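Heads up: the structure comes next, in structure tokens.
In the working numbering, the protein residues as written are 15 to 460.
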């Protein structure tokens, strides 16, 4: 497809979504399912505008999916406002740690014993499919900084953590394949650098950078009374870029750094609000007259502010709004692209593999491993089902193709991964809204 073709494709789908929004919201599917169908329509099964296979676009697709995940992780981190010791975080830690490892092992076993794949390739597909998606799972994640629902908070924290934590296991499987399963110095180096160093270093670098830059930005905006004219979207892009660069430069995990930078920026807001339970952006909006509650009105009202909370409120509100726009545009592009690629890569073996992951491995892992009083049985069952796969898996798939995976193993990995992700979009797209509506009704009645 030429650049002009992409312009008309994106323009058409965005126009349809805008003009038909009143009708689309009543459909029993998420918008991601519609993007996937649109991609199928422009591919070989429809208009025939797309003729490339995944391997031919893996080079630039790796960076495009990388950008989408980074923006989503940073924005998601900014919405998580509770202290790290709060019980709501417990589910996130367990989901991103033991549950993710159990899912990798479960998928590897199904691939090895059920589909007849090699052990290395089975582990690789398990690791690539391990992260739940921070981009496509927006409906089941926290909506704003005052959303402390245990299901949403746990799933949001999981999506933030495991998109980075999955990387060492993707790399482990890739190294296993490249060394034909033989142990050696690579195993020790992997454990020391990719596990013991990369994970904590990435989190620490991102959090400290986000909190430090956030405090400095709030201080300067207050001191110079320029909260209304400062380019807050530039600050977001700077934090994402610098946290990712700094982490990767020292061998840490850049995805974790971007996620932690968002959390650090949120903690800078908390400090400026004197640990208030009300986020600064909500406090500023509530202080304005009802007819002047828009972001532009907030900026005009705060043009001469000397209050750190006001500067922080404008900063957080504008960055969250900017991040949501970027995230939605990239979601449209990437899921449409997935639909166009699906005609070349659909593999029927994804049905037993995906159903095993979504209906057996993930739910049983959550029920068995996410214990404690922080969540009840109903919430555990919801967390077990909402293991949505998406853009993160596409990134890892492109990464391994660009870093040595080739031949029949590459073809198997591409076909199964794309098919399982498409299956996840359809299954979760059909069930997310009804299950969430039922959950909210039960919670309200309780």
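Ideal Cβ placement from N, Cα and C applies to all residues, glycine included.
Fair warning: this is a prediction, and the values are worked out from it, not measured in the lab.
- Secondary structure of residue 67 (DSSP, three-state): coil.
- For residue 49, the number of other beta carbons within 10 angstroms of its own is at least 16, and it is reported as buried.
- Taking a cut-off of 8 Å for Cβ pairs, the region 416–436 and the region 349–366 touch, as three or more such pairs fall below it.
- Check the Cα spacing between residue 442 and each of 325, 150 and 332: the tightest is with 150.
- Assignment of alpha helix (DSSP H) within the region 169–204, counting only whole runs of 4 or more residues, yields 199–203 in chain order.
- Within the same chain, Cβ atoms closer than 7 Å to the Cβ of residue 411 are found at 142, 427, 428 and 431, the five residues on either side in sequence being excluded.
- Between the region 199–217 and the region 251–265 there are three or more C-beta pairs closer than 8 Å, enough to call the two in contact.
- Contact between the region 154–161 and the region 93–112 is present, with at least three C-beta pairs closer than 8 Å.
- By the 16-neighbour rule on beta-carbons within 10 angstroms, residue 288 is exposed.
- Distance from the CA of residue 448 to the CA of residue 337, rounded to the nearest whole angstrom, comes to 27 Å.
- DSSP places residue 158 outside any alpha helix (DSSP H), giving it a letter other than H or E.
- In this model, residue 65 and residue 53 are separated by some 12 Å (Cα to Cα).
- Uninterrupted alpha helix (DSSP H) stretches at least 4 residues long and entirely within the region 75–160 occur at 102–108, 114–123 and 133–142, given in chain order.
- Per DSSP, residue 45 is one residue of the alpha helix (DSSP H) stretching across 45–56.
- In this structure, residue 164 lies near residue 102, with their beta-carbon atoms less than 8 Å apart.
- Distance check between residue 22 and each of 42, 51 and 63 places 63 closest, using alpha-carbon atoms only.
- Just so you know, the alpha carbons of residue 46 and residue 198 end up roughly 43 Å apart.
- For residue 257, the uninterrupted alpha helix (DSSP H) segment begins and ends at 246–263.
- By the 16-neighbour rule on beta-carbons within 10 angstroms, residue 393 is buried.
- Non-local beta-carbon contacts of residue 177 in its own chain, meaning distances under 7 Å to residues more than five positions away in sequence, involve 83, 87, 145, 148, 269 and 406 in chain order.
- When only Cα atoms are considered, residue 80 and residue 107 end up about 23 Å apart.
- For residue 272, the enclosing alpha helix (DSSP H) begins and ends at 268–286.
- A straight line joining the alpha-carbon of residue 413 with that of residue 459 spans about 47 Å.
- The shortest CA-to-CA distance from residue 378 to any of 113, 206, 180 and 352 is the one to 113.
- Under the three-state reduction of DSSP output, residue 211 falls in the helix class.
- Exposed is the label assigned to residue 206, since fewer than 16 other Cβ atoms lie within 10 Å of its Cβ.
- With 16 or more other Cβ atoms inside 10 Å of its own Cβ, residue 399 counts as buried.
- Taking the CA atoms as reference points, residue 167 sits about 12 Å from residue 97.
- In the three-state reduction of the DSSP assignment, residue 34 falls in the coil class, being assigned neither a helical nor a strand state.
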